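Here is the structure we will look at, set down as structure tokens.
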Amino acid sequence: MQLPISPSKVAHIIIRARKFDADVPGSGQGRELRAFIANLNEDEQAALTAVMWIGRETFEPEELDEAIATAKAEASAPTEDYLMGIPMLADYLEDGLIALGISLEDAEEDVDRPV
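When we follow the numbering used here, the leftmost residue of the sequence shown carries the number 19, and every step to the right adds one.
See below:
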């Protein structure tokens, strides 16, 4: 299955999540990260959640379709609220990309391009 979110968008979220985790409260990093995730479409939000679950080893990489379907079926809170409440979000997203065979370095190179 093709991942319904571009790796560069996931890389952008990883970078923002790392800044958010390391940042001083009130600097706007959380607001920017929340807005970016909120502006993704439903398929992208479900895929982002699935990548995080794969990175957290809740699902295996070959269960991507099932993870995406589960994310859509179980979404009871806004995705940005759910994901921003996950400690180590950036690490889980990075591990999820790696598990799916997607190079974070290649994805990060695309971050400077418009998403």
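Note that beta-carbon positions come from the ideal geometry of N, C-alpha and C, so glycine has one too. Owing to the predicted nature of the structure, the values given are computational and were not obtained by experimental measurement.
Item to complete: Assign residue 63 to buried or exposed, taking buried as 16 or more other Cβ atoms, counted over all protein chains shown, within 10 Å of its Cβ.
Response: buried
Practice prompt. In the DSSP assignment, find the unbroken alpha helix (DSSP H) run with residue 25 in it and report its ends.
Written response: 25 to 40
Item to complete: Taking 8 Å as the cut-off, decide whether the C-beta atoms of residue 90 and residue 126 are in contact.
Response: Going by C-beta atoms, residue 90 is not nearer than 8 Å to residue 126.
Worksheet item: On the three-state DSSP scale, how would you describe residue 91?
Response: Residue 91: helix per DSSP, three-state reduction.
Worksheet item: What is the DSSP secondary structure of residue 74, counted as helix, strand or coil?
Response: coil
Fill in: Inter-residue CB distance, residue 65 and residue 116 (contact presumed, cutoff 8 Å)
About 16 Å; that fails the 8 Å criterion.
Discussion item. Between the segment 79 to 95 and the segment 47 to 59, can you find at least three pairs of beta-carbon atoms closer than 8 Å?
Written reply: Counting Cβ pairs under 8 Å, fewer than three are found: no touch.
Worksheet entry | C-alpha distance - residue 133 paired with residue 111, whole-angstrom precision | Confidence at residue 133 is low in this model, with a pLDDT of 46, below 50, so the placement of that residue should be treated as unreliable; the coordinate-derived value is given next. When rounded, the distance between both Cα atoms is 18 Å.
Item to complete: For residue 29, count neighbouring Cβ atoms within 10 angstroms of its own Cβ and tell me buried if that reaches 16, exposed if not.
Response: buried
Worksheet item: From which residue to which residue does the alpha helix (DSSP H) around residue 101 run?
Response: 97 to 102
Worksheet entry | Contact belief for residue 36 with residue 108 at Cβ below 8 Å, rounded distance in angstroms | 5 Å
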